[in-house]
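S.K.: The structure under discussion is supplied below as C-alpha cells; questions concerning it will follow.
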Amino acid sequence: MRINTSIGLSAVALALAMGHAAPVQAGNVTDAGMVCYVDTFRYDIPTPDTCSSWWVPNGAHHTSVAVFSVTGLPAGNYGFVWRDLETNAIVASCANQNACAVPITTDLAGDGVAIVQATVTDLDTGASRQVQATAYYYDGYT
C-alpha cells in the first residue's frame, strides 16, 4: 500500500511541476496556412506557400496537377472556398474540402504556374482567413 501511495503522490507532483498547455480553441484560424506540390512520378513533398517541380522524360506528364492543402487549423467545423487567382474563378470541384487539385502545364507547353487562394471560415464562429500558394512547373529537359 505504501508503494502505491508513493507512486500516486509522485504522479501528482510530476503533473503539477509540468504545468498545463493552453487549450486549442476551435475558431482560431490565425495559424492557417497553405502547402502545395506538383504531382509527378517522383515522391512529391508539400512545401509552404510556394512549390515547384521539373518535368523530365519518364518523370511526369507535361500536364499534371498542383495539389494545395490548408494547414494549421485546430479541430473544428470549417468551410472552404477555393479560387484560381489566374482566372479569378471559383474552383467548384474543391468546395468545402481542405485540399484542392488544379491542372498545371509546364512552362514550355503552358504558363507553368498555378496560383490558388482559399478562404477558410470557421462555421461555428464566423472567423475567416484567406491563404494562398503558388505552384511552378518547369520543363527541365529543354
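Residues in the sequence shown are numbered from 970 upward in steps of one, following this note's numbering.
Think of the CB as a built atom: it goes at the ideal place given N, C-alpha and C, for glycine as much as any other residue.
1. Please tell me whether residue 1040 has its Cβ less than 8 Å away from any Cβ of chain D.
2. In this structure, how does DSSP classify residue 1061 when only helix, strand and coil are distinguished?
3. Going by Cα to Cα distance, which pick from 1022, 1009, 1103 and 1047 is closest to residue 1094?
4. Identify the residues that DSSP records as bridge partners of residue 1071: which are they?
5. In or out: residue 976 buried (at least 16 other Cβ within 10 Å) or exposed?
6. Our contact map puts residue 1098 next to residue 1085 with C-beta atoms below 8 Å; I'd like the distance itself, whole angstroms only.
7. Closest to residue 1068 by C-alpha separation, out of 1082, 1050 and 1109, would be which residue?
8. Using a 10 Å radius around the Cβ and a threshold of 16 neighbouring Cβ atoms, would you call residue 1062 buried or exposed?
M.R.: With the structure as the only source:
1. Looking for chain D here will not work: only one protein chain is present.
2. Stepping through the sequence shown from its first residue, residue 1061 is reached at position 92. In this structure, residue 1061 counts as helix in the three-state DSSP scheme.
3. Sequence index remark: in the sequence shown, residue 1094 carries index 125 (1-based). Residue 1047 is the option with its Cα nearest to residue 1094.
4. Here the question's residue 1071 lines up with position 102 in the sequence shown. DSSP lists 1035 as the bridge partner or partners of residue 1071.
5. Numbered from 1 along the sequence shown, position 7 holds the residue referred to as residue 976. With a pLDDT of 34 at residue 976, under the threshold of 50, the modelled position of that residue is not reliable, and no figure is offered here.
6. Here residue 1098 refers to the residue found at position 129 of the sequence shown. Here residue 1085 refers to the residue found at position 116 of the sequence shown. About 15 Å; that fails the 8 Å criterion.
7. For the purposes of this step, residue 1068 is taken as the residue at position 99 of the sequence shown. Distances from the CA of residue 1068 to each of 1082, 1050 and 1109 were compared; the closest alpha carbon is that of 1050.
8. Numbered from its first residue, the sequence shown carries residue 1062 at position 93. A residue is called buried once 16 or more other Cβ atoms fall within 10 Å of its Cβ, and residue 1062, having fewer, is exposed.
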